[in-house]
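Participant: Got a structure for you, written out below as structure tokens; questions coming shortly.
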Amino acid sequence: MEWQSALGSAKLCLPPCHVIRDLLSTGVCVRCIFRLSGIRDRDCYISSINESELISFLEEQNEIEYNSTTSTSCCVCLGVLCPSCVVPEKPGADLRETSSVNELALLISDVVKGEQYRIDEFSLEVSLPPVITANERALRLYLKQKYEKEQWFKDSFLCDHMSVKDTLKLVLNASLEKYLAVQNVETLSSSFRIRLTYSHSETSQMLQSMLPNGRDSKKRERGSKENGSSKNCNESDASAFRVLELIEDQNFCTQFQVPPGKVDKPCQLVVACYRTPTYIGGRYLKYSRNVSQSRWIIDDERMGETSVEEIIGENVRQICQGDGYKFHSAGREDIDVRMLGSGRPFLVEVPNSRIMPSSTEIKQISDKINHTDKKLVGVKNLKFVGAEAWDLMREGEAEKQKQYAALVWISRPLEDDDVCNLTSLKDMDISQKTPIRVLHRRSPLERSKVIHWMKIEKVEGTTQYFLLHLCTQAGTYIKEFVHGDLGRTHPSIGSILGCRAEILQLDVTDVKMDYFN
Amino acid sequence: MAENAERSEVTLYKPSPKSIEREKQAMEEEPKEDLSSLLLPNLNDLPQNPPTAVEFNFSRYFLPDFTKPGHDQYIYRHANGLCVIGLAEAHVALKEEGGVTAVDFNVGKSDRSELKVTGKRKRNAQHFESNSALCKVCTNGNFYIVRCCVKGSLLEVNDRLIKQPGLLNSSADREGYVAIIMPKQGDWLKIKDSLLSYEDYVKLRGLL
Numbered sequence: 001m002e003w004q005s006a007l008g009s010a011k012l013c014l015p016p017c018h019v020i021r022d023l024l025s026t027g028v029c030v031r032c033i034f035r036l037s038g039i040r041d042r043d044c045y046i047s048s049i050n051e052s053e054l055i056s057f058l059e060e061q062n063e064i065e066y067n068s069t070t071s072t073s074c075c076v077c078l079g080v081l082c083p084s085c086v087v088p089e090k091p092g093a094d095l096r097e098t099s100s101v102n103e104l105a106l107l108i109s110d111v112v113k114g115e116q117y118r119i120d121e122f123s124l125e126v127s128l129p130p131v132i133t134a135n136e137r138a139l140r141l142y143l144k145q146k147y148e149k150e151q152w153f154k155d156s157f158l159c160d161h162m163s164v165k166d167t168l169k170l171v172l173n174a175s176l177e178k179y180l181a182v183q184n185v186e187t188l189s190s191s192f193r194i195r196l197t198y199s200h201s202e203t204s205q206m207l208q209s210m211l212p213n214g215r216d217s218k219k220r221e222r223g224s225k226e227n228g229s230s231k232n233c234n235e236s237d238a239s240a241f242r243v244l245e246l247i248e249d250q251n252f253c254t255q256f257q258v259p260p261g262k263v264d265k266p267c268q269l270v271v272a273c274y275r276t277p278t279y280i281g282g283r284y285l286k287y288s289r290n291v292s293q294s295r296w297i298i299d300d301e302r303m304g305e306t307s308v309e310e311i312i313g314e315n316v317r318q319i320c321q322g323d324g325y326k327f328h329s330a331g332r333e334d335i336d337v338r339m340l341g342s343g344r345p346f347l348v349e350v351p352n353s354r355i356m357p358s359s360t361e362i363k364q365i366s367d368k369i370n371h372t373d374k375k376l377v378g379v380k381n382l383k384f385v386g387a388e389a390w391d392l393m394r395e396g397e398a399e400k401q402k403q404y405a406a407l408v409w410i411s412r413p414l415e416d417d418d419v420c421n422l423t424s425l426k427d428m429d430i431s432q433k434t435p436i437r438v439l440h441r442r443s444p445l446e447r448s449k450v451i452h453w454m455k456i457e458k459v460e461g462t463t464q465y466f467l468l469h470l471c472t473q474a475g476t477y478i479k480e481f482v483h484g485d486l487g488r489t490h491p492s493i494g495s496i497l498g499c500r501a502e503i504l505q506l507d508v509t510d511v512k513m514d515y516f517n
Numbered sequence: 518m519a520e521n522a523e524r525s526e527v528t529l530y531k532p533s534p535k536s537i538e539r540e541k542q543a544m545e546e547e548p549k550e551d552l553s554s555l556l557l558p559n560l561n562d563l564p565q566n567p568p569t570a571v572e573f574n575f576s577r578y579f580l581p582d583f584t585k586p587g588h589d590q591y592i593y594r595h596a597n598g599l600c601v602i603g604l605a606e607a608h609v610a611l612k613e614e615g616g617v618t619a620v621d622f623n624v625g626k627s628d629r630s631e632l633k634v635t636g637k638r639k640r641n642a643q644h645f646e647s648n649s650a651l652c653k654v655c656t657n658g659n660f661y662i663v664r665c666c667v668k669g670s671l672l673e674v675n676d677r678l679i680k681q682p683g684l685l686n687s688s689a690d691r692e693g694y695v696a697i698i699m700p701k702q703g704d705w706l707k708i709k710d711s712l713l714s715y716e717d718y719v720k721l722r723g724l725l
């Protein structure tokens, strides 16, 4: 009985015996009594001390007599710390009652293993109904009213103690660590979270009706119609906490039962686990002129053969065993434009991935994408990144420079003067009205862009075709810069050379960005 | 190509199967270093006269004698539904001695060049009927009214024509376009079948 030695030294925190007897008969559980007395020693909580054991311990010390009470749930913590709670094994199935820390820990670890998560740490999230806060307050007021004049009573009593949440975590973490075979991470910094949501409909409804806030009752009505969706519960919980904070002790005593009433049933518990989104980033190349960047479907018909998003997203999702994928990239190119050279930075966000991919597994994703039969898309520098990668990608997007290679035809032979002309233009300003091909879905604006430099590569065997290499400001419409978009982009290659210019092919050859390299 | 295609054919010129094969080979060997060879086109794929941006991206329709004899106009319809309106090759104004000398958008109840359409939804665009006037085109001694041809919202007029009316003489089919109109799907379908294709228009007017 290790608790006896632990309790021996903590005994000084406890109030006198007649108070403990009072608390026990009011319906407060042993752990709450320890907690409210300010005992923080883990050993006092770890082993389950029941009422009769505590009484006999105290009797040994002080020769008191006590008649044990009926078995009800704690009127303060509503059974959370006992720990007893009622858990639906599966949604809609029978409820199961737990009665020990071990049982609860086993139950939780079964849920985690059932979902087949591969974890190396976890964080515990606990959500308790606001009525527990009200219960604590009611108990404190009761004790103050009754024992204020007694010598042992200090105003600081019942004010500096562990909360129900913290005590539960203290009690549960050791067992969970054992069953899950991994470490607990105190603050919510692990990506893997186990969420314990406790609710107690009986007393919560009483609390809602007691609170003077008219808004709450309306919410409750609406809430009951929707069968108490979790969002509604959260809203009403939050407002209940707010009202409790504002209400004064005097008013509180008139509205709420002091001390808190006895409770038959313990809380209901829902155990859920999830992982915060996993991010995999890198650069992609698009070799095909028939693959769109994102899934593109018009009138139930797909445009193009497939999409970069689907090829990369699905492969990442599969290996991470996630619920889905979201594809983000630094800009995009048309379906008929290839993405070559450095590749374009992208990020795949996988919600609730069952595993955190190792570098071997990431290489697997990379190989799978790069070694398909049809070489449509490729990836480079694929790696696991943090959530800040999203902001990094968006940062300064407008300043980024892009490099292209365009196959241009002009209506007359190319002269050496033309080459000099175009090559000499540095940081040239152009004005582009919203291209007609996107005017149906974008604002009609005139946008000013910069062409940083241009280089001509002659094509052997032709005089009217050439490769135009150019470096431009992000957001420049290259096709329109070549053919002029009926004069709505000026200057254009055609207007500079004084002839008609057409673009036949376009490739992106470089997307200059500092990271994902 | 894009002629008479209602689906967006954004693709530029497609290379032949041979050059696709060559590209594949280049990529299999050294995907990183062969950027330059990937970029070079195969000479056999390059036509002497490639299709123009207009031919490629729009379906061209023609309305000969619209409301008056000789008032030939065109509608270039993009796959996204937008219609570019302009004077067709055989419009009488373009045949006059000295050609077009001035363009005035102040016709009907408002100056069409003053409109300001904003936002993705193009909320404050003015709605016009197919025979609403867009502008007045002046020549030496005559003037001609250019009309919308299709019912819809007026998104833009080519205000470059005010300072450079000569654009109509040099390139009425491109930089000399008059306006851009956004018709509703239903309004477009109503007039579509009464329009001539480029080939039929050329035959009718004996051009080329």
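Residue numbers (the working numbering), protein chains in the order written: chain B, 1 to 517; chain S, 518 to 725.
The beta carbon of each residue, even a glycine, is placed where N, CA and C say it ideally should be.
Quick caveat, the model's predicted, so the values are computed rather than measured.
If we call anything under 9 Å between Cβ atoms a contact, is D589(S) one with F622(S)?
Facilitator: no
Participant: Between the C-alpha atoms of S670(S) and V112(B), what's the straight-line distance to the nearest angstrom?
Facilitator: Approximately 59 Å between the Cα atoms of the pair.
Participant: Relative to the alpha-carbon of V609(S), which residue among L685(S), L556(S), D710(S) has its alpha-carbon at the smallest distance?
Facilitator: L685(S)
Participant: Taking all protein chains shown into account, do 16 or more other C-beta atoms lie within 10 angstroms of the C-beta of S292(B), making it buried, or fewer, making it exposed?
Facilitator: buried
Participant: When you compare each of D562(S), S627(S), S553(S) to L467(B) by their alpha carbons, which one comes out closest?
Facilitator: Nearest option by C-alpha distance: S553(S).
Participant: In the structure shown, what three-state DSSP assignment does C420(B) receive?
Facilitator: In the three-state reduction of the DSSP assignment, C420(B) falls in the helix class.
Participant: Rounded to the nearest angstrom, what separates T509(B) and V337(B) at their Cα positions?
Facilitator: 10 Å
Participant: Could you tell me which chain B residues have their CB closer than 7 Å to the CB of Y694(S), listed as they occur along the chain?
Facilitator: L486
Participant: Distance cutoff 9 Å, beta carbons only. Does I503(B) sit that close to anything in chain S?
Facilitator: yes
Participant: So what does P357(B) bridge to, in DSSP terms?
Facilitator: Looking at the DSSP assignment, P357(B) forms no beta bridge with any residue, so it has no partner.
Participant: Taking the straight line between their C-alpha atoms, what separation do you get for Y465(B) and G498(B)?
Facilitator: 16 Å
Participant: Going by beta-carbon coordinates alone, are R317(B) and V350(B) separated by less than 9 Å?
Facilitator: yes
Participant: What would DSSP say about V624(S), mapped onto helix, strand or coil?
Facilitator: strand
Participant: Since I believe I451(B) is in contact with V434(B) (beta carbons under 8 Å), could you give me their beta-carbon distance rounded to a whole number of angstroms?
Facilitator: Note that residue 434(B) is Thr in the sequence shown, not Val. So it is not a contact: roughly 18 Å between Cβ atoms.
Participant: Any beta-carbon of chain B closer than 9 Å to the one on L563(S)?
Facilitator: yes
Participant: Closer than 6 Å by C-beta to K326(B): which residues in its own chain qualify, once you throw out the five before and the five after it? Chain order, please.
Facilitator: E349
Participant: Look up R242(B) in the DSSP assignment and give the residues it is bridged to.
Facilitator: Paired residues: none, contrary to the question.
Participant: How would you write the range of the alpha helix (DSSP H) that Q116(B) sits in, first residue to last?
Facilitator: For Q116(B), no alpha helix (DSSP H) run applies, since DSSP gives it neither H nor E.
Participant: Check distances from the C-beta atoms of the region 435–450 of chain B to those of chain S and list, in chain order, the residues that come in under 7 Å.
Facilitator: I436, R437, L439, H440, R441, R442, S443, P444
Participant: Assign P637(S) to buried or exposed, taking buried as 16 or more other Cβ atoms, counted over all protein chains shown, within 10 Å of its Cβ.
Facilitator: Here residue 637(S) is Lys; the residue named in the question, Pro, does not match the sequence. When all chains shown are included, K637(S) counts as exposed.
Participant: Determine the extent of the alpha helix (DSSP H) in which I335(B) is found, giving its start and end residues.
Facilitator: Looking at the DSSP string, I335(B) is not in any alpha helix (DSSP H), and its letter there is neither H nor E.
Participant: Please go through the same chain and pick out, in chain order, the residues whose beta-carbon is closer than 7 Å to the beta-carbon of K449(B), but skip the five residues on each side of it.
Facilitator: I430, Q432, T472, Q473, G475, T476
Participant: Quick one: grab the DSSP three-state call for S342(B).
Facilitator: strand
Participant: Identify the continuous beta strand (DSSP E) that holds L651(S) and give its terminal residues.
Facilitator: 650–656
Participant: Leaving out five residues before and five after V379(B) in sequence, what residues of the same chain have Cβ atoms less than 6 Å from its Cβ?
Facilitator: G282, Y284, S366, I369
Participant: Compare the C-beta of P558(S) against all C-beta atoms of chain B and say whether one is closer than 9 Å.
Facilitator: Yes, P558(S) lies at the interface with chain B (some Cβ there is under 9 Å from its Cβ).
Participant: Helix or strand or just coil, what does DSSP make of W296(B)?
Facilitator: coil
Participant: Any beta-carbon of chain S closer than 9 Å to the one on T254(B)?
Facilitator: no
Participant: Specify whether the region 612–620 of chain S and the region 710–724 of chain S touch according to this definition: at least 3 beta carbon pairs, one from each stretch, less than 8 Å apart.
Facilitator: no
Participant: Quick one: grab the DSSP three-state call for V258(B).
Facilitator: The answer is coil: DSSP assigns V258(B) none of H, G, I, E or B.
Participant: Taking 9 Å as the cut-off, decide whether the C-beta atoms of Y142(B) and P259(B) are in contact.
Facilitator: yes
Participant: May I ask which residues mark the beginning and end of the alpha helix (DSSP H) holding T462(B)?
Facilitator: No alpha helix (DSSP H) holds T462(B); DSSP gives it neither H nor E.
Participant: Starting from L725(S), trace the beta strand (DSSP E) in both directions and tell me its first and last residue.
Facilitator: Unbroken run through L725(S): none, as it is neither H nor E.
Participant: Return the chain-ordered list of same chain residues with a C-beta closer than 6 Å to the C-beta of G520(B), the five sequence neighbours on each side being excluded.
Facilitator: This structure gives no information on residue 520(B), because the portion of chain B shown stretches from 1 to 517.
Participant: According to the Cβ coordinates, are L107(B) and C29(B) closer than 9 Å?
Facilitator: no
Participant: Between the beta-carbon of K154(B) and the beta-carbon of V126(B), is there less than 9 Å?
Facilitator: no
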